[in-house]
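The structure under discussion appears below in the form of structure tokens.
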Amino acid sequence: MARRTRRFSEAGGALALNRGKLVFRLDSDGNPSLFAPYPLRDSNRVVEEYMLLANYLVAERLVEMGCT
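For reference, each letter of the sequence shown is one residue, going 4 to 71 in the numbering used here.
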């Protein structure tokens, strides 16, 4: 379902903000000692899609209630 929603969003011109994220490893003093790109997993995308869907449904409901 999330994949279908994502395809629908992309077809509608959704903005994709897939900027890379970094993960840091800290040494015993709390200083960064290593960094690497954070791997985006399908689970991250599913959560993102459902968060966007929730925001859309809330906005739709607010409009129906006249809260614009």
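All C-beta atoms in this analysis are idealised placements derived from N, C-alpha and C, irrespective of residue type, glycine included.
Since the model is a prediction, treat every value here as computed from it, not as a measurement.
- Relative to the Cα of residue 7, the nearest Cα in the group 62, 61, 53 belongs to 53.
- Comparing C-alpha distances from residue 41 to each of 70, 23, 62 shows the shortest one belongs to 23.
- Note: residue 26 is bridge-paired with 39 in the DSSP secondary-structure output.
- Membership of residue 58 in the alpha helix (DSSP H) is indicated by the continuous run 45-67.
- In the same chain as residue 39, and ignoring 5 residues on each side of it, the C-beta atoms closer than 6 Å to its own belong to 26, in chain order.
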